[in-house]
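Enquirer: Provided herewith is a single structure, encoded as structure tokens, for subsequent inquiry.
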Amino acid sequence: MATLTIPKTQSVYTHEELVDEKIIKWFFAAALTFLTASMLAGLLVSLQLIRHNPFAGIELFSPGRWRMVHTNAVAYGFLANGFLGCLHWAIPRLTLQPVLDRRLSWFIFVAWQAVVGATAVGILLGEAQGLEWGETPIWVDPVAQLGLILVALNFGTPIARMKGPMYVTLWYFMAAFIWTPLTYAMGNFIPEYFVSGTSAGAIGGLFIHDLVGLFVTPLGWGLMYYFVPILIKKPIWSHGLSLVGFWGLAFFYPLQGIHHFLYTPIPMFLQYGAVVSTIAVELVVTTVIINFFGSIWGNWSIVRTNLPVRYFYTGMVFYFLTCLQCSFQVTLTFQKIIHFSDWVVGHAHMVMFGVFSMWIMGMMIYLFPRLLKREWASQSLLEWHFWLSTVGLAVMAGDLILLGLFQGW
């Protein structure tokens, strides 16, 4: 096994010393378990669309509670576990240093599964908080907050020890480790204990969107900047352009959340600010998309022949479409049509499934053979998985978006 040299300490680590492959497999297994649970919960909720409830009168199985289980299992069960597994691979290999403590990694793994499980139980027992994406019971919040701080400490330490310029992936990671605990505290503690009414609604709107923009987005794009150059075997097209995307995200994304509550008693200057920043983010996202597609310019066949790359770039296309859609759906004129309609549901599924789930699936397809030391049993099934996911999502999102227009008119 080749060794990797760390310039700072002149220490030498093998791949096995850098990367704990076992914990990555466990994080991936947990992610897939919660993905399955979330799909079953979503199926249970979707039965209401055909006016069928096999559990009518059973409070524990009420659609409202299972809808919250569905969303929380996706965000904190599937996406969080998937990203944590990928971070255990990417950060040690980028920094050439192991995480702060492998025992801490295992503690985080066990604690995080307990947090997600306790959240599901609390929701089903009627103890959810009344905040979108922040339904975690109040007795779970302090534990989840501590877990996010420990994650930042475990992964942030090897990054902080580096000297000299950092690759853009690490910029995104460090930002996520700072933003995520702050976002969670903002959404789960401030509305619960310190403010109420319209003020709580405004903060809740910021939390809803910042959970996407300051948690999964920087982790997702950071991992794309790591994996894509490796798989296409060439550097990213422009490092400078990648930093434009990073700083654009940092400056504009935190202000967007109020656009969830246009035409409400929230002060209009906040609503206008959200509209402007949302449109600005689309311009920023365009630079990121140009950067990645410029990286495969003249080598388009790799999207056809390399399945993980296809997953990555499919997710990027959905991300661009989602942000493009968002840039005009946030205008006050368009809100009159799609507000409270199924357009919003289609939009949300397109970003959570079409973007971040696609990216995690692509990374799993790339990493599992390296973790298990054997190839996939069937390439045909992998192809079916990709096309069923892509076509299925496109049909579902397109149907909901179109339905939203009919509902609004």
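For what it's worth, my numbering labels the leading residue of the sequence shown as 11, then goes sequentially. The beta carbon of each residue, even a glycine, is placed where N, CA and C say it ideally should be.
#1: What is the residue span of the alpha helix (DSSP H) that Tyr-273 lies within?
#2: Could you check which residue in Trp-307, Leu-156, Glu-69 has the C-alpha nearest to that of Thr-190?
#3: When you compare the CB positions of Gly-214 and Gly-197, do they come within less than 8 Å of one another, or not?
#4: Over what stretch of residues does the alpha helix (DSSP H) that includes Thr-208 continue unbroken?
#5: Relative to the C-alpha of Ile-240, which residue among Trp-181, Phe-183, Arg-103 is closest?
#6: Hey, could you find the ends of the beta strand (DSSP E) Thr-24 is sitting in?
#7: Kindly list the residues whose CB is nearer than 6 Å to the CB of Val-361, restricted to its own chain and excluding five residues on each side of it in sequence; keep chain order.
#8: Here's the rule: buried if 16 or more other CB atoms are within 10 angstroms of the residue's CB, otherwise exposed. What is Trp-419?
#9: Measuring only the C-alpha atoms, how far is Asn-164 from Leu-413?
#10: How many Å lie between Leu-14 and Thr-24 at the Cα?
#11: Taking 8 Å as the CB-CB limit, is Gln-58 close to chain D?
#12: Grab me the residues of Gln-345's own chain with a C-beta within less than 6 Å of its C-beta, minus the 5 sequence neighbours each way, in chain order.
#13: Who are the Cβ neighbours of Asn-153 in its own chain at under 6 Å, not counting the five residues just before and after it?
#14: Which whole runs of the alpha helix (DSSP H) in the region 363-396 are 4 residues long or more, in chain order?
#15: Apart from the five residues on each side of it in sequence, which residues of its chain come closer than 6 Å, Cβ to Cβ, to Asp-151?
#16: In chain order, which continuous runs of the alpha helix (DSSP H) of length 4 or greater are located wholly inside the region 174-199?
#17: Could I get the ranges of all uninterrupted alpha helix (DSSP H) runs contained in the region 59-141, with 4 residues as the minimum, in chain order?
#18: Quick check for students: name the residue ranges of the alpha helix (DSSP H) that lie wholly in the region 240-320, counting only runs of 4 or more.
#19: Within a Cβ cutoff of 6 Å, which residues of the same chain sit near Ala-210, ignoring the five residues on either side of it in sequence?
#20: If we ignore side chains and look at the alpha-carbon of each, how far apart do Thr-315 and Thr-400 end up?
#21: Nearest CA to the CA of Val-29: which residue from Gly-95, Leu-45, His-62?
#22: What would DSSP say about Trp-143, mapped onto helix, strand or coil?
Expert: Once the coordinates are examined:
#1: That residue, Tyr-273, is in no alpha helix (DSSP H); it is neither H nor E in DSSP.
#2: For Thr-190, the closest of Trp-307, Leu-156, Glu-69 by C-alpha to C-alpha distance is Leu-156.
#3: Cβ distance < 8 Å, so Gly-214 and Gly-197 count as in contact.
#4: Start and end: 207-221.
#5: Ranking the options by Cα distance to Ile-240, first place goes to Arg-103.
#6: That run of the beta strand (DSSP E) goes 22-24.
#7: Short of 6 Å from the beta carbon of Val-361, and not among the five residues preceding or following it, lie these beta carbons of its own chain, in chain order: Thr-332.
#8: A residue is called buried when at least 16 other Cβ atoms come within 10 angstroms of its Cβ; Trp-419 does not meet this threshold and is exposed.
#9: Roughly 45 Å between the two C-alpha positions.
#10: Its pLDDT being 40, under 50, Leu-14 is placed unreliably by the model, and nothing is read from it.
#11: The structure shown contains no chain D; it holds only a single protein chain.
#12: Non-local C-beta neighbours of Gln-345 in its own chain, meaning closer than 6 Å and more than five positions away in sequence, comprise Leu-272, ordered along the chain.
#13: The sequence given here places Val at residue 153; Asn does not occur at that position. Cβ within range, chain order: Val-125.
#14: Counting whole runs of 4 or more residues, the region 363-396 contains the alpha helix (DSSP H) stretches 368-382.
#15: Take Asp-151, set aside five residues on each side of it, and the residues of its chain with a beta-carbon closer than 6 Å to its own are Asn-198, in chain order.
#16: You should have 178-198.
#17: For the region 59-141, the continuous alpha helix (DSSP H) assignments of 4+ residues that do not extend past its boundaries occur at 73-82, 90-105, 112-134, in sequence order.
#18: With a minimum length of 4 residues, the continuous alpha helix (DSSP H) runs that stay inside the region 240-320 are 249-262, 278-305, 311-315.
#19: Taking C-beta separations shorter than 6 Å and ignoring five residues to either side along the sequence, the partners of Ala-210 in its chain run Pro-201, following chain order.
#20: About 17 Å.
#21: That would be Gly-95, whose Cα lies nearest to the Cα of Val-29.
#22: When DSSP states are grouped into helix, strand and coil, Trp-143 belongs to the coil group.
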